[in-house]
Every structure is written in C-alpha cells, then in structure tokens.
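Please read the structure below before turning to the comments.
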Amino acid sequence: MREYERRNIRENFRINEDNLWPIIFDKYRKAGIVGNYFWQDLWAAKLIKQSGVEKHFDIGSRIDGFIAHLLAMEIDVTLIDIRDFPGEVEGLHTIVDDATTLKQVSMDSIESMSALCSLEHFGLGRYGDPIDPEACFKCFEEIQKRIRKGGNLYLSLPIGKERIEFNAHRIFFASTIAECFSMMELAEFSCTAGGKIEYNVDIYKYDNDGHNGEYRYGLFHFIKK
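Rendered as structure tokens:
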C-alpha cells in the first residue's frame, strides 16, 4: 500500500481505507485450473464441432462451461434439466422435465446429444428429483430411443469400482455403461483424472479403482447403430 501510494498520480485511484479488499494469496496460485471438468468439456465440445452438427441436445451439463463452448461455436443447443433455468441466452433452448422419461422429445429425432457428469445423480433426490434407484438406467434406455440411426452421444460419468455414494452420485464400471447402451456402438472410451486426460483406454482398466478422494470420469462417445 505504501509503495502504491508513493507511485500513484491519479486522485480517483488513491487508496481509501473504507474500500480496502486485501487479497494476499492469489500470487501463490497457478494461472488457472485444468481439472476434470475442463477436460471433459473440451473433449466433448471438440468432437461435436468436428461432427458438423448445427443442433445439439444436452441433459444437465454445465451451462458456464460445456454449454458455453457450444454456443460460442454457434451450435443451437436444447438443454434438458429438472430444475428451472437462470435466464434466457441466445441460441439456448430449455426444457424443464424429468429426463428419465424424455416425454417431450420425439423418438429417433436427435442427431447429437450429451450428458456430462449429470446422469449419475438421477433418482437420488439431490436435485429435488424423486427417489428411484433405477432412474439413471431408465434414462439410459430413453436416450437411446431418442437418438436417430448414425446419431452421436457423448457421456461423462464417474468410473471405477462400482458403488453408490449416497446421495451424491453413482460410480460405474465402464463396462456397465457400454452394456447399458446396447443399441449403440462405442466409438471411443477415454478418461480424465487428476487434471489429465487419457485417450482410448481399455474399458476394464479402472474396475478396481477406489479413487481415494480423486474421481475419474469416463468419457464415452457412442454412435447409434
């Protein structure tokens, strides 16, 4: 403060004790965070861009991350969530609904769809949804019915030793996800953990992974048969 005041020549930018807001730790931090969400959002957004689609559907992914990526690429996005949306955004269409039924979406109508770190929460009451142990599996089934032949699906889900951590989320064997999406062909299985991404991973590699507080997300790209 003394050094700033000694050098400052602008009256409006003099230090006033009524306006102090001391931040003393930022200089020890890195320039940003390259974590699991960063990699999953980037992974899916790049694949969607490469596919050349103009319209995309999503279930419950981050608006201020992944969805923003797609909107910046001028891809028209319809976002489905059980919760109310915070406001209107150009190019973003919203459906407030229970995604375990997808009753507002026609069969065989979707060319491109995603759900990044959302489906593992279904049926646990965390977001005000009804308790239903089968909710996510019902959603898996309904998603496949809505995607047209040749359409693409991009998923991110916690993988490792299969279990539920109530009421936060479920963790799946990667093979469970592949088996549940039997109407689709697995085009890619990659992983992100510890701020890094690992491409084209063996689907059984992390079946015994207990995480120890660090979660691993499986990145699944499916194509409808």
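All the letters of the sequence shown, read from the start, carry residue numbers 5 to 229 under my numbering. For every residue, glycine included, the Cβ atom is placed at its ideal position computed from N, Cα and C. Note that the coordinates shown come from a computational prediction; the quantities given were computed from them, not determined experimentally.
Quick check: the Cα distance between residue i and residue j, rounded to an integer number of angstroms?
i           : j           : result
residue 97  : residue 81  : 6 Å
residue 76  : residue 152 : 25 Å
residue 230 : residue 25  : Only positions 5 to 229 of the chain appear in this structure, which leaves residue 230 out of reach.
residue 117 : residue 130 : 23 Å
residue 33  : residue 188 : 43 Å
residue 57  : residue 228 : 15 Å
residue 90  : residue 73  : 18 Å
residue 206 : residue 177 : 12 Å
residue 9   : residue 93  : 43 Å
residue 66  : residue 88  : 14 Å
residue 36  : residue 29  : 14 Å
residue 115 : residue 23  : 53 Å
residue 113 : residue 175 : 29 Å
residue 12  : residue 210 : 57 Å
Assuming residue i contacts residue j (C-beta within less than 8 Å), just tell me the rounded distance between them.
i           : j           : result
residue 160 : residue 223 : 5 Å
residue 38  : residue 199 : 5 Å
residue 101 : residue 86  : 7 Å
residue 182 : residue 190 : 5 Å
Below 7 Å CB to CB, which residues in the same chain sit around residue i once its five sequence neighbours on both sides are set aside?
i           : result
residue 111 : 149 and 150
residue 137 : 127
residue 203 : 194
residue 173 : 124, 125 and 162
residue 70  : 45, 48, 49 and 120
residue 218 : 197 and 198
residue 179 : 207 and 208
residue 51  : 158 and 225
Between which residues of its own chain and residue i is the CB-CB distance below 6 Å, once the five residues before and five after are set aside?
i           : result
residue 201 : 43
residue 53  : 77
residue 139 : 104, 126 and 127
residue 59  : 80
residue 133 : 86
residue 99  : 84 and 108
residue 40  : 196 and 221
residue 21  : none
Out of the options, point me to the one whose CA is closest to residue i's CA.
i           : options               : result
residue 45  : 115, 33, 64 and 102   : 64
residue 208 : 169, 88 and 195       : 195
residue 109 : 56, 134, 133 and 61   : 61
residue 106 : 91, 220 and 147       : 147
residue 95  : 89, 79 and 88         : 79
residue 168 : 182, 205, 187 and 214 : 214
residue 171 : 180, 135, 165 and 192 : 135
residue 225 : 11, 30, 219 and 192   : 192
residue 157 : 55, 21, 210 and 11    : 55
residue 3   : 165, 179 and 31       : One cannot answer for residue 3 here, as it falls past the ends of the chain, which runs 5 to 229.
residue 144 : 115, 186 and 113      : 186
Counting only the same chain and skipping the five closest in sequence on each side, list residues whose C-beta sits under 8 Å from that of residue i.
i           : result
residue 141 : 184
residue 5   : 19
residue 14  : none
- [ ] Examine the Cβ distances between the region 160-170 and the region 112-130 and report whether three or more of them are shorter than 8 Å.
- [x] Look at the beta carbons and you see the region 160-170 touching the region 112-130: at least three pairs across the two are nearer than 8 Å.
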